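Note that my numbering has the sequence shown beginning at 7, numbered continuously upward. Note that beta-carbon positions come from the ideal geometry of N, C-alpha and C, so glycine has one too. Fair warning: this is a prediction, and the values are worked out from it, not measured in the lab.
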Amino acid sequence: MSSTYVASLSALGCDSTVCAVSGVRYISAPEIRRRFADGLVADLGVDANADFERLVSMNPDLVVMYSIPGSGDALKSRLDEFGIPVLVLYDYLENSPLARASYIKVFGAVTGRMEQADSIFDGVCSRYHELADAVAESGHETAKVLMNVPYADAWYVPGGDNYMSRLVRDAGG
């Protein structure tokens, strides 16, 4: 359901396997957006507001979701009751951009495209290390970056030990 997993499926050429997402407005994959516009992909809503009945009526082969302790367990339990297979991923807990990128291998295994997933991941690793090394060797002054997510009336600023902070550091920030 999470929109974060669409990129991996798109990279593997598996856009047609996606029948529903959570938060289509966060998806930039052109094929998924086209399929949504054509009524082939449903936006089920986000988190606790997800349209559970619609999801069940779609009879998906697999629901891929993340779970934050105390929030996603109820949805998984309800899906289990209906016999809908669920794969819960915790990629958001990874502190490295490459560790997060490695989740394409999960989707490679699920779709039977493991060799392609390995190849894509290896390419991402090579390019990432090349760019990080080039930045480190450039001698440029480190940029100061403030990352946040404004939500309602609050600003959520992550700590320094997460994948986005690592990405900024590797990019010279």
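**Q.** Sequence-distant residues of the same chain with beta carbon closer than 8 Å to residue 121, five excluded per side
**A.** Walking along the sequence shown from the start, residue 121 turns up at place 115. So the list reads 114, once near-sequence residues are dropped.
Q: Could you spell out the range, first to last residue, of the alpha helix (DSSP H) harbouring residue 71?
A: Within the sequence shown, the letter at position 65 stands for residue 71. DSSP places residue 71 in no alpha helix (DSSP H) but in the uninterrupted beta strand (DSSP E) bounded by 69-72.
(Q) If contact is defined by three or more beta carbon pairs under 8 Å, each pair taking one atom from either stretch, is the segment 62-73 in contact with the segment 87-97? (A) At 8 Å Cβ cutoff, the stretches touch.
Q | Where residue 164 falls: helix, strand or coil (DSSP) | A | As a first step, residue 164 is located in the sequence shown; it is residue number 158 there, counting from the start. Reduced to three states, the DSSP call for residue 164 is coil.
Q: Tell me, to the nearest whole angstrom, how far the beta carbon of residue 26 is from that of residue 66; I am working on the premise that it is less than 8 Å.
A: Counting from 1 along the sequence shown, the entry for residue 26 is found at position 20. Counting from 1 along the sequence shown, the entry for residue 66 is found at position 60. The C-beta separation of residue 26 from residue 66 comes to about 7 Å, placing the pair in contact by the 8 Å criterion.
Q) Looking at C-alpha atoms only, which residue of 50, 23, 15 and 175 is the closest neighbour of residue 30? A) By one-based count along the sequence shown, residue 30 stands at place 24. Closest by alpha carbon: 50.
Q | Limits of the beta strand (DSSP E) - the one that residue 32 falls within | A | Counting from one through the sequence shown, the residue named residue 32 turns up at place 26. Residue 32 -> no beta strand (DSSP E), and no H or E assigned at all.
Q. Cα-Cα, which of 85, 56 and 16 is closest to residue 39?
A. Within the sequence shown, numbered from 1, the residue matching residue 39 stands at position 33. Measuring from the Cα of residue 39, the nearest candidate turns out to be 16.
Q | Element boundaries [alpha helix (DSSP H), containing residue 134] | A | Residue 134 sits at position 128 when you count from the first residue of the sequence shown. Taken as a continuous stretch (DSSP letters only), the alpha helix (DSSP H) holding residue 134 covers 120-144.
Q.
With the cut-off set at 8 Å, would you say residue 181 and residue 116 are in Cβ contact?
A. This structure cannot speak to residue 181, because the chain is shown only from 7 to 179.
Q) If you compare alpha carbons, which of 9, 10 and 23 is closest to residue 119? A) In the sequence shown, residue 119 corresponds to position 113, counting from 1. Among 9, 10 and 23, the Cα nearest to that of residue 119 is on 23.
Q | Pairwise C-alpha distance: residue 171 and residue 165 | A | Reading the sequence shown from its first residue, position 159 is the one you call residue 165. Reading the sequence shown from its first residue, position 165 is the one you call residue 171. Cα-Cα distance, rounded: 8 Å.
Q | Enclosing alpha helix (DSSP H) for residue 157 [first to last residue] | A | Stepping through the sequence shown from its first residue, residue 157 is reached at position 151. In the DSSP annotation of this structure, residue 157 is not part of any alpha helix (DSSP H); the continuous beta strand (DSSP E) holding it starts and ends at 155-157.
(Q) Can you tell me whether residue 149 is helix, strand or coil according to DSSP? (A) What you label residue 149 is simply residue 143 of the sequence shown in a count that begins at 1. Here residue 149 sits in coil by DSSP.
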